[in-house]
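One structure is given below, encoded as structure tokens.
Protein chains in written order, with the numbering used here: chain A, 835 to 1212; chain B, 83 to 458.
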């Protein structure tokens, strides 16, 4: 492989992108736009969720302190968990209230002669994240309420009971290296997603566009080898993807002040992910013939990678066969490594296997692309 | 606007799509492949998550009368969410957590009086797992903690029933029993249909400009509206085909909750046509494929985040809640979820359908106005 030839191809590709100023600036500004969008959409954990508490007028007043407790219940960040509206009504009305979109959940109590016995929560089925919110917060809230009521009762005892055993205390924390905001949990995966998506989409058109505009014909009459063409294109698109990666990390840091670990290591990992995206895009471009084919194949691959990279669902939800298949995709290693560095404070000694695997994937994909790249024009 | 002209251009566009066999193949098998990938990835609720447990024993096991430690360990073992790994030291438990081998480290510390402290350290790298492990662990630890502390025989004088913790019953208003994937299947349909329709349409006009077909079309007296409508109609056929393939695959392979298949199909087609219309709008305002593709991919990403697929309105910044409301796909996801999960009928989803139809019209009018007859 002649380095001079490779550089010529790289320059040719870069020049083609540079000459189209609209596309060039758009590519550079896109990461900023997408980051801002992600950041303001995953802006805060669900709080002050509209909730209705129904009370039956025939009940005793035991529901009142629980209602007050639910209304005043605050999340760990100090925000109110629920925005409560209390209204009279029987449990039969709950479903209708949800149907009418009056609230995300309706709470009502069932009472026996002994007082309030059960808390019923009817949640809107259409929003999975809010179902988890209610499941988690209401159960914490009730445990806290029960414990407080119990402590109150013990305090009212005339003298310490001989059989009373003090309860054990529970502390729960995470292994995070610093305090995390809601968006911090997603920011690492967003870095990988953008570093993968844009380079993959752009490079998937790299060869097919050359084919359709007859540039490839001219390149093929020169004695340039297939490997030189592929590596040259990879270098040019790789350079562009480094700019995209840099813009992504900078935007997330400056606009959203996301938690970042070792920045050099993050940049290295994101760059390796981006180059993996570039070479996969070139692979698609080498095996397809027209722009629409390349774009469709790129989009489908991107969605498949997205589903596997534990951005949307963790490993534990996958079918066992899919868990094994995920190991053969580079991006899951990228997400895992960047999350460890950003959130847990891992360093190079902890993530070097991930770096190695990402480099291995790049090498394997370059070889495969060179093999499958045809010198024929059509 | 002449119907005959639209018919000719429509047939030309369909023929072009039909002649590209590889693209058709990618469309059909790509959609099926995506359904399979998403369905088997969001396959089941997280279970058997590895938890590293270390018991800092004060004395011999079994010495304490109430055996809280043993009770907690039994409950942890019996939980369908957890798979316990015994760590030989506090350090090993934390090492397993930091090495991504365990999702949480639980240290049970005993003193002379019994179990004194439970220290739980959760994996910070995955919010979903963190929340599930946290809820389940605290449920076990607190339900164990309250009764053992306050059972009336151990605290004489307490009124009967006074210490029974309140029971919780949490249900949803779903019309049928749903699995984990059912909750995500509806927005997932929107995601793929939008992706395919948008990205196949973004280059519909720009590629014609590049290969010079536009020059020939502009030489004949076809109006801009006729060109746009015929392209939208031909590509809407793709939207119908892709919607049918996706709905069928999800239904046959994963038996997803779909209360009204006919209505779901109608919603899917409207979403697909919206994708086509938006793709044509991009294609009308850009000059070369690279510009169209960059703009198409960026818009697709923006729509994905705003459609309420990953995050609900409640997590969004107030401004972005308003922006989301003015995107067609937010209404698409809303309609699809309510049809599939709650069994809403046509009358109930009519406002969403009206939004979707309005957006189609608006985008087509805009594309017609913005399409330039100049070649360069």
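For each residue, glycine too, the CB sits at the ideal point set by N, CA and C.
Among the CB atoms of chain B, one or more fall inside 8 Å of the CB of residue 1173/A.
868, 871, 872, 873, 874, 875, 876, 877, 878, 879, 880, 881, 882, 883 and 884: these are the residues of the segment 868 to 894 of chain A whose beta carbon lies less than 9 Å from some beta carbon of chain B, given in chain order.
For residue 957/A, the CB contacts under 6 Å within the same chain, skipping 5 residues up- and downstream, are 939, 965 and 968 in chain order. Just so you know, the alpha carbons of residue 1191/A and residue 945/A end up roughly 59 Å apart. Taking 9 Å as the cut-off between beta carbons, the residues of the segment 1173 to 1202 of chain A near chain B are 1173, 1174, 1176, 1177, 1178, 1180 and 1184, in sequence order.
Under the Cβ distance rule, residue 903/A does not count among the residues neighbouring chain B, no pair being separated by less than 8 Å.
At a cut-off of 8 Å between beta-carbon atoms, residue 159/B makes no contact with chain A. Within a 10 Å sphere around the beta-carbon of residue 1125/A sit 16 or more other beta-carbons, which makes this residue buried. Taking residue 165/B as reference, the option from 408/B, 187/B, 173/B and 177/B with the minimal CA-CA separation is 187/B.
In the DSSP assignment, residue 256/B falls outside any beta strand (DSSP E), carrying neither H nor E.
For residue 192/B, the uninterrupted beta strand (DSSP E) run begins and ends at 186 to 193, by DSSP.
Among the CB atoms of chain B, none fall inside 8 Å of the CB of residue 922/A.
Residue 125/B and residue 977/A have their C-alpha atoms spaced approximately 31 Å apart. Within the segment 864 to 937 of chain A, complete beta strand (DSSP E) segments of at least 3 residues are found at 883 to 889 and 916 to 922, given in chain order. The criterion of a C-beta distance shorter than 8 Å is not satisfied by residue 351/B and residue 375/B. Rounded to whole angstroms, the Cβ separation of residue 355/B and residue 442/B is 5 Å, and the two are in contact under 8 Å. Just so you know, the alpha carbons of residue 371/B and residue 1131/A end up roughly 16 Å apart.
Neighbours of residue 346/B across chain A, judged by C-beta separation under 7 Å, do not exist; the nearest C-beta is about 14 Å away. Taking 8 Å as the threshold, the shortest C-beta distance from residue 122/B to chain A falls below it.
In the three-state DSSP reduction, residue 133/B falls in the strand class (E or B). By the rule that beta-carbons nearer than 8 Å mark a contact, residue 1045/A does not touch chain B. For residue 168/B, the uninterrupted beta strand (DSSP E) segment begins and ends at 164 to 168. Going by beta carbons, residue 1174/A and residue 1189/A fall outside the 8 Å limit. Residues of chain A whose Cβ lies closer than 8 Å to the Cβ of residue 377/B are, in chain order, 860. Between the beta-carbon of residue 1150/A and that of residue 386/B there is about 23 Å, and that puts the pair past the 8 Å contact cut. A distance of 8 Å or more separates the beta carbons of residue 452/B and residue 382/B.
Membership of residue 204/B in the beta strand (DSSP E) is indicated by the continuous run 196 to 204. Our two residues, residue 384/B and residue 1035/A, have alpha carbons roughly 15 Å apart in a direct line.
In this structure, 1104/A is the residue among 1143/A, 1009/A, 926/A and 1104/A with its C-alpha nearest to the C-alpha of residue 1193/A.
DSSP places residue 378/B inside the alpha helix (DSSP H), whose first and last residues are 371 to 388. By the neighbour-count criterion, in which 16 or more other beta carbons inside 10 Å mark a residue as buried, residue 110/B falls on the exposed side. The C-beta distance from residue 1006/A to residue 202/B rounds to 4 Å, short enough to meet the 8 Å contact threshold. In the structure shown, residue 945/A adopts extended strand secondary structure according to DSSP, grouped into three states. Segment contact: the segment 405 to 415 of chain B against the segment 256 to 276 of chain B, three or more CB-CB distances shorter than 8 Å; contact assigned. Sixteen is the threshold: when 16 or more other Cβ atoms of the shown chains lie within 10 Å of the Cβ of residue 378/B, as they do, the residue is buried. Residue 282/B belongs to the set of residues whose beta carbon lies under 8 Å from a beta carbon in chain A.
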